[in-house]
Amino acid sequence: MWKNYLAIIYRNILRQKLNTLINILGLAAGISAASLIFLYVHTELKFDESWDNADELYRVNETFEYFRKESTPYALTSHVLGKRMRSEFPDMQVCRLETGDYGNNIFVDDKWLNPGRIKHADDNFFKLFTYPQREFNTRTDTLPRAWIAKKKYEKYFEPFNTKTFRYGEKWYELAGTFNKSGYQSHLDIDLIVPYDSLILNDYKHTWDWTRLNTLTYVRTDLGAGELEQLINQRLKNEVDAFTRKHNMQMNLHFPVISLPEIHFNHVYQYDSLSNRDKNVVWLFSIIGILILTIASINYINMAIAQGGIRAREIAIRKTMGATRKNVIIQFLGESVAITLLAIIISVIFTEMLFPAFNEITGFDFHIFESAVLSRLVVFLSVVWLLLGFLSGFYPAFVLSLFQPITIFRGGADLMLYRNVRSYFVSSTKVRKLMLVAQYLVAGTIIIATIIIQLQTNYLVNRDMGFDMDKLVIMELEKDSTRAPQYRSLLNAVLELDNVEKATLAERVPGLRNGRLLFYFESDSGRYQNGFNVFSGRPDYLEVLGCEVVAGRWFDPSARKGELRNEILVNEAFVETMGWSQPLGKEFASGFSDEHKVVGVVKDFNYYSLHQDIEPLAILPNIFTNRYLVINARDPKELMNSGKLEHLWSGFFPNQVPTINRLRNTFNSQYTHEHRLLSIFAYFSGLSIIISSLGLFALSAFSAQKRSREISIRKILGAGHKHILGLLYVDYMQIFAIAILLAWLGAFVFANQWLDSFVAAVSPGLLPYILGSVFILGIVAVTVSYHTLKATRTNPAVFLKYE
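Each residue of the sequence shown is one higher than the last, beginning at 4 in our numbering.
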């Protein structure tokens, strides 16, 4: 019996080669896209859940609860917190992470290399974050031991056949490697060096509860609320004594968050750059379901369209003694077999698309990795059973109800049988409804893609209020011992013909800014407020191309002590403080008791357009400079000339410089928008291809079905235009309904998405018109082939047997 079923399935596939090919390719493309989206969504939702005992892992944060303004929560804490917790809670595993003092470059075999993110960590790091480890046999017992990510070791250490390196002024020995594959986490670590080797002899690290530079993690069987209450109760007296001693008008609180909650949390400042918006993840889930749906609609549509032909087949089988169960098994088996073939082909498509998918998402998936393979097997098994059943539902359960006498009496043009009228509307209406659904999805995605493209172009090309397009930056190591060389490098750069101005700075627009507590006097006493800060040489903002709207720039000729007291603020700072006359205002910070406002800078966007311009204070030469900022006449020519690399090699011959246009660095803040655009572009193209495949097959079937009608009309004198209009009208109705609904869907998406920006493009009607014209063209081209073929065929071909 089963052999007979397989034989019938095989014959039907051969008999309907074109339709079967369209069904399989359409399903395979849809399943492949859905598989990639499933991997993406599953990975996003499972961030930080791969650790052993992940439900026992927490991060302790720090919140400044100001008496006179809203609280400010930070993901970072002071070094003091971790130190005190390790002594107060010896039964807990408390691990501290802190960015290295010397950036991300290490010295290996006479070469400076950048292995990625370097963190100082306590020795119990792997008891919390259970990466698989491979320890090396070699050990000197004289050098501090470090751990490196497996792929980084293979790239940077194996070629030199060495396991030692220098970081800053210290030498380290590699203890082994850890494998990050399959462990998606907010942690971005490639090289771990001992926490004890961190520079901690500065007073700021030992007593200041407000100097935030450390990530503090805990492993405990306590719940988050219980742990938070315990920490704050145990440390309250010590923290309150600190705030009273320094007359701080604020409290310090230490909230706790579980690790799996971090990825979709946007409450804390200085949190992981990998954090995502959960709504975007759910949006991708919906897109995946819709892509899979329009792919399966092709099969269902063809099954409905061929209902008359298959109904006769059913009648003959039933006349020969087949039961309804036999018919159901045959049609479901055919559907399941086609779906299985589509899944096999989809795996090939998926493997081919992985490189582009990894580049877009930033992940590193490979189909033969155990974690990826196991997820795909489960997902594809569910898809196989689900689509196999749904796609074969109509012919299997509906057509199998028909009685042979009804079918033979009704003829070939079966629309609906009275005994199943309560289950379904006419097959023609069902086909039209499904085509509307397909082009509704395709139209919405295409219009949304155009809107995303317009907004992305607006973001990357908008005037930010300074000379962004003229600026080039060279990254410097966070190494104070190199300061004299950096000053010499700056002088050499200033001598280049293409350079108008250049300076040294601690931060540049587009990268995370630091924050500093300032102390203000009022009639009711002293109070604190935290503001964003920039630091650089006195001419820093002039080199950026900013504008002073009141007062002056820093005075470079002032004595060091006097210059240190000068401060510039932006207009948002003045507005926040409510000053009518900001010049001459005095306040204090941890760096000076006599800051004096000497100038007000016109507001400029130093961060992305996702947020309003915030108050900013600019201090002269307070922090270690991390960038050489160059204002060039022709930045492109300067980047391509090789002159900057040549100057760098004269000071640091074993290290490759990192040089970028500031525009590129600034626009890296819009990585999520570029990723969203790429994904929408891919899937809009895929949705229209899948929809068009189904429409191509249906137009062929429709033209064939109406061939006798067309022939009779031609004999009676109908012209080509009349017949073309007759055949096109149905598809244009479908197109009009789908586009109207797509306009509504895209409008809702645009309103919600664009509201997440403080400055957004006004799309107008252009995206909707362009999307509509594009789909209209696709529909016209798809339908035209079979329609024109039908109008040009000699009527005698179809009527010679009548």
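From the three backbone atoms N, C-alpha and C, an ideal C-beta is built for every residue, glycine too.
Note that the structure is predicted; figures quoted are calculated from it, not measured.
- For residue 111, the enclosing beta strand (DSSP E) stretches over residues 109-111.
- Assigned with DSSP and collapsed to three states, residue 695 falls in helix.
- Going by DSSP, residue 359 is part of the alpha helix (DSSP H) stretching over 327-364.
- Boundaries of the alpha helix (DSSP H) harbouring residue 227: 227-248, taken from the DSSP string.
- Nearest in C-alpha terms to residue 130, of all of 339, 170, 198 and 96, is 96.
- The criterion of a C-beta distance shorter than 8 Å is not satisfied by residue 545 and residue 623.
- In the displayed model, residue 474 falls within a strand according to three-state DSSP.
- The three-state reading of DSSP puts residue 689 in helix, counting H, G and I together.
- Beyond the five residues adjoining it in sequence on each side, residue 234 comes within less than 6 Å, by CB distance, of 257 in the same chain, given in chain order.
- Contact between residue 361 and residue 479 does not hold, since the beta-carbon distance rounds to 31 Å and is not under 8 Å.
- Between residue 188 and residue 50 a beta carbon distance of about 6 Å is seen, short of the 8 Å cut, so the two are scored as contacting.
- Within the DSSP bridge table, the entry for residue 96 names 222 as partners.
- In this structure, residue 448 keeps its C-beta atom at 8 Å or more from the C-beta atom of residue 92.
- Taking C-beta atoms under 8 Å as the contact rule, residue 30 and residue 443 fail to qualify, at a distance of about 20 Å.
- Ranking 686, 775, 692 and 742 by CA distance to the CA of residue 363 puts 686 first.
- By the C-beta criterion, the segment 376-395 is judged to be in contact with the segment 32-46, since at least 3 inter-stretch pairs fall below 8 Å.
- Residue burial is scored here from C-beta neighbours: residue 371 has fewer than 16 other C-beta atoms within 10 angstroms and is therefore classed as exposed.
- Taking the Cβ atoms as the reference, residue 213 lies roughly 15 Å from residue 63, outside the contact range of under 8 Å.
- If you draw a straight line from the Cα of residue 783 to the Cα of residue 721, it is about 21 Å long.
- Taken atom to atom, the span from the alpha-carbon of residue 772 to that of residue 454 is near 12 Å.
- Taking all protein chains shown into account, residue 695 has 16 or more neighbouring C-beta atoms within 10 Å of its C-beta and is therefore buried.
- Within the model, the alpha-carbon separation for residue 199 versus residue 152 is close to 20 Å.
- Fewer than three pairs of CB atoms, one per stretch, sit closer than 8 Å, so the segment 668-675 makes no contact with the segment 529-546.
- Within 10 angstroms of the beta-carbon of residue 533 lie 16 or more other beta-carbons, which makes it buried.
- When the beta-carbon positions are compared, residue 531 and residue 77 stay at least 8 Å from each other.
- The DSSP assignment places 619-623, 630-635 and 662-664 as complete runs of the beta strand (DSSP E) inside the segment 611-689, in order along the chain (cut-off: 3 residues).
- Between residue 59 and residue 222, the C-beta gap is smaller than 8 Å, which places the two residues in contact.
- Secondary structure at residue 763: coil, using DSSP grouped into helix, strand and coil.
- With a 10 Å radius around the Cβ and a threshold of 16 neighbouring Cβ atoms, residue 85 comes out buried.
- In this structure, residue 109 sits away from residue 148, with a CB-CB distance that is not shorter than 8 Å.
- Looking from the CA of residue 593, the closest CA among 194, 211, 776 and 756 belongs to 211.
- In the structure shown, the three-state DSSP call for residue 76 is strand.
- When DSSP states are grouped into helix, strand and coil, residue 382 belongs to the helix group.
- Every unbroken stretch of the alpha helix (DSSP H) spanning 4 or more residues and falling wholly within the segment 244-298 is given here in chain order: 262-265.
- Out of 583, 319 and 445, the CA that lies nearest to the CA of residue 692 is found in 445.
- Using a Cβ-Cβ distance cut-off of 8 Å, the segment 569-578 and the segment 595-604 are in contact, since at least three pairs of beta carbons, one from each stretch, lie closer than that value.
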